[in-house]
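Inspection log for the structure reproduced underneath, given as C-alpha cells.
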Amino acid sequence: QLNNLKWENTSSTDLGIELNLLNEKIFFSADVYRKVTTDILFGGAPNYYKIPTSSGYDNIQFFNGGELENRGWELMANWRAIKTKDFSLMIDFNSSQNINSFNKLPENFNTEVSTSIGNGDYPRRVVEGEAIGSFFGFRYLGVWASDDEVLAKDKDGNVLVDTEGIPIPLTYQGAYVFRGGDARYEDVNHDGVIDLNDVVYIGDSNPDFIGGFGATMKYKSFDFSFGFHYRLGFDIINKVAMDTEGMLNRNNQSKAVLSRWRVQGQNEPGMLPRAYLNHPANNLGSDRYVEKGDFMRLNTIKFGYQVPMKTCEKLGLRSLSVSASARKLITFTNYSGQDPEVGQNASDPFWIGVDNANTPPPKTFTFSLLVGF
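Going by the numbering used here, the sequence shown opens with residue 0, and the numbers climb by one from there.
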C-alpha cells in the first residue's frame, strides 16, 4: 500500500564564519553543519526494494522510512602572500569532512541485501549507527602452512576436541575441511566453522578528509598556477586483485601469484594461498583485498605568457597570449590498483567502494594561442 508515499524531509543547521584580515591579505571561511533526513525515499530503478515473495511480488519501487544524519565541517582559506608591482603569489587551501550514519532504520527493513559469503562476495548490510559504505567480511590471517596446523581453537588458543578427545578440524560452513596452503580466516566465535557468524566490520569507503590546495603566481607577463586534490582516510575493495589472485579457475592471473604456497610447511611473508581449481573458500570477501585508498593528485597545472602590448602593436594585433596546461598529471598513492578515486553513491544504503578497474581519468595536455585583432 503506497498511498502514504511522500517526499523526504530534511532539516539542517549550519554555523559559519567568514574573516577578511590584514587589509584583505587573508580570507578565511569555515562552516559546521548537521543535516537530518527523515522519511528517506528508498528504491528507484534499478535499486527496487526487495520484499518477501509471499506478498505476491518480489519488490516495490519506492517506500519511505528511517532517519539519516550527515554532519561535518568545511574550511577554506586564501592567502595573498606577496603582491608587488612585478610579482604576486596567492595560496589557497580547502578541506572538509562529512560523517553519515543511519540513526533509525525503517520498520521491517531488510538490513541485508546479500548474505552470500562465497568466493568474490562481500555480505551487503546496513547497521544502525554505521556509515553508508561500510565493509563487512572476514578477517584474513594469511595462509595455513601445513595440514597439522589447521585445527579449531577456543579464544585462549586451546585446540577444541570432540567427546572422544579427537581434535576438531576447522571447516568452511561445516562442509570443506581446511588444509595446508588454504587461506586462513579468523574464527570469531571459536566454533570451528568459518561461516556468516564470523563476518565483521572491516573498513569504510568514506574518506575522513577531502580537499585541495594550490597556488597562483604572476611575474610581469608570465603566470603559473597549480592545484592538488586529495582524499584521506578511506578504504577500497580491490576487485581487480580478487579476480587475478584467486587461482580458482583457468583465467589469466597476476604475477603476484608467483609467490604462492606450494609445499607443506612453507611459510613466507606475503605468501598467497595455493592454486586450487574451484576451491570453495580460498577467495572469500575479506580484508585481504581491502586497501587504503589515500591519494593526492596534481589536478591542474598551467603556464601562460601575455605578450607585451608594444610587441602586439608591432605585429598589428590587439592582444596575444600563449598557455600550456595539463590535467590529472600525476597521482601519489600507495594503493595498488589503477585509480583510487572510486565513485561514491551515498543514495544507495548498501553501496560499498569497489574498484572494478574502470578506466582511470586520462592525462590531458592543452596548448592555447589566443589572438586578438
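Just so it is clear, CB atoms sit at the ideal spot from N, CA and C, and this is done for glycine as well.
Would you check if the distance between the CB atom of residue i and the CB atom of residue j is smaller than 8 Å?
{"i": "Y171", "j": "A29", "result": "no"}
{"i": "A130", "j": "N99", "result": "yes"}
{"i": "E68", "j": "V35", "result": "yes"}
{"i": "G352", "j": "D194", "result": "no"}
{"i": "D354", "j": "V239", "result": "yes"}
{"i": "N237", "j": "Y288", "result": "yes"}
{"i": "F41", "j": "G64", "result": "yes"}
{"i": "N97", "j": "G71", "result": "yes"}
{"i": "I201", "j": "R138", "result": "yes"}
{"i": "F101", "j": "V198", "result": "no"}
{"i": "L247", "j": "N266", "result": "no"}
{"i": "S294", "j": "A325", "result": "The residue you asked about is not Ser; residue 294 is Phe in the sequence shown. For F294 and A325, no; Cβs fall outside 8 Å."}
So what does DSSP say about residue i, is it helix, strand or coil?
{"i": "N196", "result": "helix"}
{"i": "L314", "result": "coil"}
{"i": "K406", "result": "Limits of the chain in this structure are 0 at one end and 372 at the other, which puts residue 406 out of reach."}
{"i": "V256", "result": "helix"}
{"i": "S54", "result": "helix"}
{"i": "R183", "result": "strand"}
{"i": "E68", "result": "strand"}
{"i": "R287", "result": "helix"}
{"i": "K362", "result": "coil"}
{"i": "D13", "result": "strand"}
{"i": "K154", "result": "coil"}
{"i": "K219", "result": "coil"}
{"i": "T162", "result": "coil"}
{"i": "T243", "result": "helix"}
{"i": "D120", "result": "coil"}
{"i": "M270", "result": "coil"}
{"i": "E148", "result": "helix"}
For residue i, count neighbouring Cβ atoms within 10 angstroms of its own Cβ and tell me buried if that reaches 16, exposed if not.
{"i": "I165", "result": "exposed"}
{"i": "D85", "result": "exposed"}
{"i": "V158", "result": "exposed"}
{"i": "W6", "result": "exposed"}
{"i": "V125", "result": "buried"}
{"i": "G245", "result": "buried"}
{"i": "S285", "result": "buried"}
{"i": "D161", "result": "exposed"}
{"i": "P360", "result": "exposed"}
{"i": "N298", "result": "buried"}
{"i": "R123", "result": "buried"}
{"i": "R249", "result": "exposed"}
{"i": "G117", "result": "exposed"}
{"i": "G292", "result": "buried"}
{"i": "V341", "result": "buried"}
{"i": "G180", "result": "buried"}
Return the CA-CA distance between residue i and residue j, expressed in angstroms with no decimal places.
{"i": "A151", "j": "H189", "result": "7 Å"}
{"i": "L14", "j": "S133", "result": "28 Å"}
{"i": "S335", "j": "V306", "result": "45 Å"}
{"i": "M241", "j": "V31", "result": "39 Å"}
{"i": "L231", "j": "E290", "result": "12 Å"}
{"i": "T215", "j": "I90", "result": "7 Å"}
{"i": "D282", "j": "S204", "result": "Per the sequence presented here, residue 282 reads as Asn, with Asp not at that position. Taking the straight line from one Cα to the other gives about 21 Å."}
{"i": "F108", "j": "I50", "result": "9 Å"}
{"i": "A356", "j": "K154", "result": "39 Å"}
{"i": "R183", "j": "E66", "result": "38 Å"}
Take every Cβ of the region 206 to 220, pair it with every Cβ of the region 143 to 150, and state whether three or more of those distances are shorter than 8 Å.
The region 206 to 220, when compared against the region 143 to 150, does not touch it at the 8 Å Cβ threshold.
Looking at C-beta atoms only, is the number of pairs between the region 320 to 332 and the region 357 to 370 that lie closer than 8 Å three or more?
Yes, the region 320 to 332 touches the region 357 to 370.
Check whether the region 248 to 258 and the region 269 to 279 are in contact - that is, three or more C-beta pairs closer than 8 Å.
Pairwise C-beta distances place the region 248 to 258 in contact with the region 269 to 279, as three or more of them are shorter than 8 Å.
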